[in-house]
Structure formats: structure tokens, C-alpha cells
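Heads up: the structure comes next, in C-alpha cells.
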Amino acid sequence: MQGNHEQQAYDRGITIFSPDGRLYQVEYAREAVKRGSASVGVRTPEGVVLAADRRARSPLIEEESIEKIHGVDDHVALASAGHVADARKLIDFARRRAQVEKLRYDESIGVETLTKAVTDHIQEYTQTGGARPFGVALLVGGVENGEPRLFETDPSGTPYEWQATAIGGGREDIQSHLEDNYEDDLSLEEGVGLALEAIAEASDDGITASGVELTTVAAESGRVEPVSEETIADHIEDRDLGGEDDE
């Protein structure tokens with residue numbers, strides 16, 4: 111019984127390491143990310159693609175009200191997976207940080223600088239008593255000095271840079287598809303197709319245009335551009351990824 115009580119103490123205390131060096135609350139936060147619907151990022155020489163599965167859990171929900179991808183500045187966007195309310199707080203933090211940089215230095219914040227500012231904020235919640243970790247992971251995609259960049263944030267506060275990656279439910283299958291099909295010389299349009307194929311890997315019923323949110327940041331323009339539902343539908347039809355409701 112004593113061992114059980116000790117285990118529960120490590121389980122409850124965000125600031126307490128277990129004897130084997132684990133922070134259980136951070137691990138539970140990662141499990142919250144896995145329960146969220148998937149988001150995918152693909153970096154190509156022509157820009158970055160962010161795609162997110164936003165299928166509604168009820169036919170009565172307006173799918174347009176499910177927001178998984180958010181613009182932070184003209185040149186950078188975030189996609190989330192996990193606890194939606196936590197994601198909104200981090201997105202607000204990222205937007206404020208980007209605006210402070212622009213007002214203070216009269217230039218846009220770098221994608222890596224923004225990512226590390228967000229992960230520093232996340233990390234504080236892994237060592238603060240009376241708080242809990244953020245139960246969300248983010249993909250940060252944008253263009254920095256003409257170069258596409260793609261980062262992932264982890265609930266521990268660790269940033270990772272990727273060529274292509276996924277967060278959320280079905281990550282293993284999606285990541286396997288990305289690893290098998292990613293190429294260094296993909297065009298931006300091919301990156302869009304790969305991202306949609308990857309999301310479809312986590313769905314037994316295929317995907318629909320209304321159930322996917324997709325945004326690109328082209329290296330040439332350096333601007334965040336949401337992809338229209340009609341364009342998404344064309345990509346789905348071309349690759350035969352459609353679900354039962356797709357027309």
C-alpha cells in the first residue's frame with residue numbers, strides 16, 4: 111500500500127520527478143494530444159503545408175466552426191491537436207509575441223524564434239506548482255528569410271524541426287505514410303496532396319473537403335493562404351481519397 115501511495119504522489123505532483131526520472135503529468139498531457147484529431151505539416155522547397163482533420167463528432171455541428179489552423183502573422187500559421195482550449199491560449203500567446211516583435215523591432219518574428227518563445231512558455235507549466243501542462247501539441251509553419259520552416263511543439267516544452275510530421279490521433283500510421291512518400295523536391299501542390307493522403311491514412315472512411323482544413327505558406331509570397339474547399343475537393347477526387355459524403 112505504501113508503494114501505491116508513493117506512486118500516486120508522483121502522479122499528482124507536476125513538479126516532482128518519479129524515481130525513474132519521469133514527470134507523469136507531462137506524459138498524461140501527451141496522451142491528451144493523442145486523443146485529438148490529426149494535424150499534418152509538410153515542408154517543401156516552395157513552401158509549407160498545414161492540414162488538419164476537422165470532422166465533426168455530430169452531424170448537427172457546423173464543421174466551419176471547428177478551427178484547427180490559425181494564422182499568427184502574415185508569414186506563419188499554427189495547427190493544433192489535443193485540448194482545444196489549451197491550443198487557443200497558446201495561439202493567443204503566439205500572436206501577442208509576434209505583435210510585440212513587430213512593434214519593437216519593426217520586422218516580422220522568425221519562425222524558429224516564435225516556436226522557442228511558445229515552447230519556453232509551455233515549459234514553465236511543467237515546473238510550476240498549482241498548474242498543469244498544456245494538453246496540446248502545435249505545428250508551426252512559415253517562411254523565414256525566404257526559407258520554409260516547420261516546427262512541432264511538445265507538451266514538455268521541447269521544439270523539433272521537421273520536413274514532414276503529424277500530431278494527434280493516428281500519428282503512427284500518418285508518420286509512416288509521410289516517411290515512405292516524402293521527397294525533398296516536392297512542389298507545394300504535391301505537398302498539399304501528400305498532406306491529404308496522410309490524413310486519409312488515419313481514416314477508414316476516407317476524407318471529405320468540408321472535413322479537412324488546409325493552409326499553405328508559399329516561399330515566394332511569404333504569406334499564409336487558406337486553401338478553398340473547392341480546391342481541396344479537387345485534390346481528394348484526383349487521389350481517390352473521398353469518403354461516403356464526398357461528391
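Residue numbers are given in our numbering: position 2 of the sequence shown equals residue 112, and the series is strictly consecutive.
All C-beta atoms in this analysis are idealised placements derived from N, C-alpha and C, irrespective of residue type, glycine included.
None of these values were measured; they are calculated from a predicted model.
Those residues which DSSP pairs with Arg153 across a bridge: Residue pairing of Arg153 in beta bridges, as defined by DSSP: Val158.
Cβ contact (3+ pairs, closer than 8 Å) linking the segment 131-147 and the segment 256-276: These segments touch.
Reduced DSSP secondary structure (H/G/I, E/B, other) of Ser190: The answer is strand: DSSP assigns Ser190 an E or B state.
Runs of alpha helix (DSSP H) lying entirely within the segment 293-322, each at least 4 residues, in chain order: For the segment 293-322, whole alpha helix (DSSP H) runs of length 4 or above, ordered along the chain, are 298-311.
Reduced DSSP category for Ile179 - H, G, I as helix; E, B as strand; rest coil: Note: Ile179 maps to strand in three-state DSSP.
Nearest candidate by alpha-carbon position, reference Val152, set His345, Gly252, Glu340 and Asp348: The residue from His345, Gly252, Glu340 and Asp348 with its alpha-carbon nearest to that of Val152 is Gly252.
The segment 286-306 contacting the segment 169-186, beta-carbon criterion three pairs below 8 Å: Counting Cβ pairs under 8 Å, fewer than three are found: no touch.
CB contact flag (Ile176, Ala189, <9 Å): Contact flag unset, no.
Status (buried if at least 16 other CB within 10 Å, exposed otherwise) for His115: Confidence is the limiting factor: at His115 the pLDDT is only 47, short of 50, which leaves the residue's position unreliable, though a coordinate-based value still follows. By the neighbour-count rule (16 or more Cβ atoms within 10 Å), His115 is not buried but exposed.
7 Å Cβ shell around Asp196 - same chain, five flanking residues per side excluded: Cβ contact annotation for Asp196 (same chain, cutoff 7 Å, sequence separation greater than five): Phe244, Gly245 and Val246, in chain order.
Pair within 9 Å by beta-carbon distance, Ile232 and Leu200: Contact: yes.
Whole-number beta carbon distance between Val150 and Ala305, since they are thought to touch under 8 Å: Rounded, the Cβ-Cβ distance is 5 Å, consistent with contact.
Through-space distance from Leu296 to Gly146, alpha-carbon basis: Gly146 and Leu296: Cα-Cα distance of roughly 28 Å.
Simplified DSSP state of Leu200, which is helix, strand or coil: In the three-state reduction of the DSSP assignment, Leu200 falls in the helix class, which pools H, G and I.
Whole-angstrom distance between Glu335 and Tyr134, CA atom to CA atom: Distance from the CA of Tyr134 to the CA of Glu335, rounded to the nearest whole angstrom, comes to 39 Å.
In chain order, each beta strand (DSSP E) run of at least 3 residues that lies wholly inside the segment 225-296: Runs of the beta strand (DSSP E) inside the segment 225-296: 246-254, 257-263, 269-271 and 274-277.
Closest Cα partner of Asp344 within the set Lys212, Thr275 and Glu307: Selected option, being the one with the closest Cα: Glu307.
Residues sharing a beta bridge with Ala328, DSSP: Beta-bridge pairing links Ala328 to Gly157.
Inter-residue spacing [alpha-carbon to alpha-carbon] between Ile424 and Glu257: This structure leaves residue 424 out entirely; the chain is present only between 111 and 357.
Sub-9 Å separation of Ala159 and Thr325 beta-carbons: Note on identity: in this sequence residue 159 is Val, with Ala being the wrong assignment. Taking C-beta atoms as the reference points, Val159 and Thr325 count as a pair closer than 9 Å.
Buried or exposed by the 16-neighbour rule on C-beta atoms within 10 Å, applied to Tyr235: With a 10 Å radius around the Cβ and a threshold of 16 neighbouring Cβ atoms, Tyr235 comes out buried.
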